[in-house]
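The next block holds one structure in the form of structure tokens; read it before the comments.
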Amino acid sequence: MDKFRMMFQFLQSNQESFMNGICGIMALASAQMYSAFEFSCPCMPEYNYTYGIGLLVIPPIWFFLLGFVLNNNVSVLAEEWKRPTGSRTKDPTILRYMFCSITQRSLIAPALWVSVTLMDGKSFLCAFSINLDIEKFGNSSFVKGMSETEKIRLLARIPCKDLFEHQEIRVAATRYIKCISQACGWIFLLMMTFTAFLIRAIRPCFTQAAFLKTKYWSHYIDIERKMFDETCKEHAKSFAKVCIHQYFENISGEMQSLHCHRSGQDDSGDEGEDKRSDEDKLLGIRAQDDMNKVLWNWHTSKPALALRKDQMDGENSSKLNGKINEGFNGFANGHAHETKKREWAVYYSKV
Amino acid sequence: MERLKLVLQYFQSNSESISNGICIVLALVSVKLYTSFDFNCPCLPQYNKLYSLGVMTVPPIIFFFLGVLVNRHTGVMMDEWMRPVGNRSKNPAVVKYLFSAMLQRALLAPMVWILVTLLDGKIFICAFSVSVDPGLFSGVPNNTGLDVIRIMAKVPCKEDVIFQNSSFRKAVSRYVRCYSQAVGWSILLFLIVLGAMGRLIKPCFEDHAAFLQTRYWSNYLDVEQKLFDETCVLHARDFARKCVVQFFEDMTEDSILHLPHPPFISNVSERWEEEEERLHGVTRQEQMDQLLNKWYYGKPELDVTRIAHRPRPCVTWQDPGGRTLYSDV
Chain A
0 MDKFRMMFQF
10 LQSNQESFMN
20 GICGIMALAS
30 AQMYSAFEFS
40 CPCMPEYNYT
50 YGIGLLVIPP
60 IWFFLLGFVL
70 NNNVSVLAEE
80 WKRPTGSRTK
90 DPTILRYMFC
100 SITQRSLIAP
110 ALWVSVTLMD
120 GKSFLCAFSI
130 NLDIEKFGNS
140 SFVKGMSETE
150 KIRLLARIPC
160 KDLFEHQEIR
170 VAATRYIKCI
180 SQACGWIFLL
190 MMTFTAFLIR
200 AIRPCFTQAA
210 FLKTKYWSHY
220 IDIERKMFDE
230 TCKEHAKSFA
240 KVCIHQYFEN
250 ISGEMQSLHC
260 HRSGQDDSGD
270 EGEDKRSDED
280 KLLGIRAQDD
290 MNKVLWNWHT
300 SKPALALRKD
310 QMDGENSSKL
320 NGKINEGFNG
330 FANGHAHETK
340 KREWAVYYSK
350 V
Chain B
0 MERLKLVLQY
10 FQSNSESISN
20 GICIVLALVS
30 VKLYTSFDFN
40 CPCLPQYNKL
50 YSLGVMTVPP
60 IIFFFLGVLV
70 NRHTGVMMDE
80 WMRPVGNRSK
90 NPAVVKYLFS
100 AMLQRALLAP
110 MVWILVTLLD
120 GKIFICAFSV
130 SVDPGLFSGV
140 PNNTGLDVIR
150 IMAKVPCKED
160 VIFQNSSFRK
170 AVSRYVRCYS
180 QAVGWSILLF
190 LIVLGAMGRL
200 IKPCFEDHAA
210 FLQTRYWSNY
220 LDVEQKLFDE
230 TCVLHARDFA
240 RKCVVQFFED
250 MTEDSILHLP
260 HPPFISNVSE
270 RWEEEEERLH
280 GVTRQEQMDQ
290 LLNKWYYGKP
300 ELDVTRIAHR
310 PRPCVTWQDP
320 GGRTLYSDV
């Protein structure tokens with residue numbers, strides 16, 4: 000029980016909380032980057048808007064793409080999308096579910112950047128200072144004689160403290176735009192939170208049964224991939240061990256096998272078991288071409304999701320021909336007294 | 000038995016205390032957000048009230064939604080409310096209990112924000128400085144050419160030039176802040192009295208036995224959902240491993256019979272049997288889909304007599320005389 004709980008926690012923690020951790024780190028990185036970044040408005044009518052809005056929009060896009068890059072599940076999703084159908088049907092809801100969960104995690108850092116930028120107000124001030132009606136903010140007699148372009152150029156200098164002389168108008172205008180910017184920021188946060196609330200709290204009303212299914216199978220796909228990699232590693236290890244052992248046997252001929260035979264008498268138990276478990280791990284794949292075929296078929300034709308039952312009962316046993324394969328005897332070449340019969344047909348009765 | 004008790008305690012304490020912990024973390028986040036938020040009163044008569052009311056009401060709504068979102072009970076409650084009846088009857092008292100627990104926890108962070116804004120006073124000053132009668136205070140700046148309303152609207156802004164040498168602004172601010180703090184403390188006192196009265200009077204009005212039942216079953220639902228997710232994860236792992244091994248075995252050219260070794264040869268089959276047992280007989284995609292569908296549309300009845308009293312093989316050793324040497328029974 001304890002073992003299962005620990006394993007479950009490890010599995011769960013490895014996949015989910017790792018991704019949540021990355022998501023949180025990126026959010027903190029985006030907030031830190033904003034505070035470390037030195038915002039310097041160009042204070043020229045042609046470039047203010049571009050700079051202000053660009054700083055509001057482009058870093059979030061960058062963070063969003065970075066979230067996709069750092070997420071492991073993107074390659075799982077791509078593989079599942081592009082694979083040929085083979086003997087396993089494709090389910091588009093699973094692809095949608097995986098895509099949605101990846102997107103949700105990647106949206107947090109951009110949303111944080113946008114809300115911090117809006118709450119700070121500098122980018123709105125830079126972008127929209129030329130649209131202000133300066134008469135509202137105090138004694139604006141100095142603009143009476145100016146032409147349109149001169150007026151716009153003057154307004155464009157409002158974000159820069161040292162370029163605009165009339166301080167109380169500048170302060171009042173800054174406050175006004177910052178206020179609008181903060182209102183937009185709060186509304187943006189409210190909308191994001193409300194959308195998240197709708198998705199998470201109201202969704203169970205609609206598609207709960209289908210949701211359980213897609214959640215199970217998308218988790219399964221991830222785990223299957225890990226298991227396949229693990230099995231391949233184990234297989235490669237056993238393959239290498241057997242290959243090397245075989246090579247030594249072939250090269251040294253009798254001396255090696257004699258040595259093996261003598262020492263086999265001493266600790267035949269352990270060595271025999273090791274060899275047997277290595278052979279087991281090979282799962283019958285013993286040649287390069289076979290292994291290549293395994294790896295090729297894993298992508299081009301994934302197996303159906305249907306396990307065979309390994310144990311046989313009374314009825315099925317009569318169907319078996321009792322074929323015994325001597326393949327494993329290739330180990331001890333030409334030494335008949337060393338033949339190890341690994342497989343046999345046995346009739347079980349389950350009482 | 001002991002281990003089971005530990006496991007149950009772990010799940011019980013884990014769920015409740017995690018919810019409480021998250022609730023408190025949200026309250027602390029709201030305080031931190033208030034202190035780091037750069038409050039920027041527009042100091043214009045038309046916009047002061049709007050801005051202040053916005054800052055006082057929109058963040059609490061956001062925190063409320065966040066509180067509902069991160070609470071585990073929300074999912075459990077929605078599941079229990081929306082599920083088809085199936086084999087298990089529905090108990091509306093459980094849904095009500097979960098709803099009230101979720102609501103209480105979600106309301107903490109918004110209340111903290113509102114109280115902090117009232118006790119700090121900036122927002123009240125911004126909203127209500129235009130409503131103050133300037134005749135109550137001396138030192139109104141009257142050489143600026145602005146009308147009274149605009150002057151009062153500028154009171155929340157410290158750095159404005161018209162207030163440079165007078166104490167008028169500070170006096171008005173102090174006056175309004177005083178009101179704000181009074182309102183804040185009153186609300187806090189009211190909430191505490193309400194909570195205390197509720198705690199004291201509740202036992203008089205409700206059936207404690209029924210309450211114990213609802214609390215048990217709502218906790219049970221939470222634990223059941225967690226265990227179902229856990230079982231699904233373990234099952235997926237075993238399914239995946241078997242699928243992969245089967246795939247490898249199918250690829251071989253020569254047909255090798257892979258039969259499990261008899262138990263007296265190696266202990267491999269014991270491990271395999273244990274794993275087969277963990278699969279619980281679900282070995283195909285359609286079976287799994289059906290299982291998950293049924294879990295939602297027809298939840299099983301709350302009756303585990305069958306598995307609790309499952310017959311177990313017992314071994315008894317007898318000597319030739321018929322005397323029992325050893326028995327599992």
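As they're listed, the protein sequences go chains A and B.
When you number the first sequence by numbering that gives the first Met the number 0, it's gap-free, plus one each residue, and the end is 350.
When you number the second sequence by numbering that gives the first Met the number 0, it's gap-free, plus one each residue, and the end is 328.
From the three backbone atoms N, C-alpha and C, an ideal C-beta is built for every residue, glycine too.
Helix, strand or coil, according to DSSP, for residue i in the structure here?
i                      : result
residue 286 of chain B : helix
residue 317 of chain B : strand
residue 322 of chain B : coil
residue 331 of chain A : Any answer about residue 331 of chain A is weak, because its pLDDT of 35 lies below 50 and its placement is not dependable; what the coordinates show is given next. Note: residue 331 of chain A maps to coil in three-state DSSP.
residue 305 of chain A : strand
residue 88 of chain B  : coil
residue 39 of chain B  : coil
residue 137 of chain B : coil
residue 163 of chain A : coil
residue 330 of chain B : Residue 330 of chain B cannot be examined here, being either before or after the span of chain B that is shown, 0 to 328.
residue 43 of chain A  : coil
residue 61 of chain B  : helix
residue 163 of chain B : coil
residue 20 of chain B  : helix
residue 366 of chain A : Here chain A covers residues 0 to 350 and nothing more, so residue 366 of chain A does not appear.
residue 308 of chain B : coil
residue 5 of chain B   : helix
Whose C-beta lies closer than 7 Å to the C-beta of residue i among residues of the same chain, with five residues either side of it excluded?
i                      : result
residue 284 of chain A : 234, 290 and 293
residue 111 of chain A : 26, 29 and 30
residue 156 of chain B : 40 and 42
residue 213 of chain B : 92, 93 and 96
residue 177 of chain B : none
Could you pull the start and end residues of the alpha helix (DSSP H) that residue i belongs to?
i                      : result
residue 178 of chain B : 167 to 204
residue 84 of chain A  : Unbroken run through residue 84 of chain A: none, as it is neither H nor E.
residue 81 of chain B  : 71 to 81
residue 54 of chain A  : 47 to 69
residue 104 of chain A : 91 to 105
residue 178 of chain A : 166 to 196
residue 122 of chain A : 121 to 127
residue 96 of chain B  : 91 to 105
residue 240 of chain B : 207 to 249
residue 152 of chain A : 147 to 155
residue 17 of chain A  : 17 to 35
residue 292 of chain A : 287 to 299
residue 200 of chain A : Per DSSP, residue 200 of chain A belongs to no alpha helix (DSSP H) and is neither H nor E.
The beta strand (DSSP E) with residue i in it runs from where to where?
i                      : result
residue 332 of chain B : The structure shown does not extend to residue 332 of chain B, since chain B is modelled only from 0 to 328, so the question has no answer here.
So which residues of chain A does residue i contact, with C-beta pairs closer than 7 Å?
i                      : result
residue 158 of chain B : 170
residue 231 of chain B : 215
residue 243 of chain B : 223, 226, 227 and 230
residue 325 of chain B : Correct list: empty, because the minimum Cβ distance to chain A is about 20 Å.
residue 214 of chain B : Per Cβ cutoff of 7 Å: no residues; residue 214 of chain B is ~22 Å from chain A at best.
Suppose the cutoff is 6 Å on Cβ atoms and the five residues either side in sequence are ignored; what does the same chain contact list for residue i look like?
i                      : result
residue 216 of chain A : 93
residue 179 of chain B : 117, 120 and 123
residue 181 of chain A : 118
residue 230 of chain B : none
residue 151 of chain A : 44 and 129
residue 51 of chain B  : 122, 125 and 126
For a contact meaning CB atoms closer than 9 Å, what does residue i contact in chain B?
i                      : result
residue 193 of chain A : 60, 61 and 64
Keeping to the same chain, check which residues put their C-beta closer than 8 Å to that of residue i; ignore five residues upstream and five downstream.
i                      : result
residue 40 of chain A  : 47, 50, 51, 121, 124, 125, 158 and 159
residue 140 of chain B : 150, 161, 162, 165 and 167
residue 18 of chain A  : 70, 71, 72 and 104
residue 255 of chain A : Confidence in residue 255 of chain A is poor, its pLDDT being 48 and thus under 50, which makes the residue's placement too unreliable to answer from.
residue 301 of chain A : 82, 85, 86 and 87
Taking residue i as the query, report the chain B residues whose CB atoms sit under 7 Å from its CB, ordered along the chain.
i                      : result
residue 142 of chain A : In chain order: nothing, as chain B lies at least about 17 Å away.
residue 232 of chain A : By Cβ distance, chain B contributes nothing, its closest Cβ being about 12 Å from residue 232 of chain A, past 7 Å.
Strictly below 8 Å CB to CB, what residues from chain A border residue i?
i                      : result
residue 110 of chain B : The premise fails here: residue 110 of chain B is roughly 17 Å from chain A at the closest Cβ pair, so nothing lies under 8 Å.
residue 248 of chain B : 282 and 283
residue 42 of chain B  : 171 and 174
residue 184 of chain B : Result: empty, since nearest Cβ-Cβ is about 26 Å, beyond 8 Å.
What residues of chain A sit near residue i, judged by a beta carbon separation below 9 Å?
i                     : result
residue 74 of chain B : 199, 200 and 203
Anything in chain D within Cβ reach of residue i, meaning under 7 Å, just list it in chain order.
i                      : result
residue 177 of chain A : Going by chain labels, chain D is absent from the structure shown, which instead holds the protein chains A and B.
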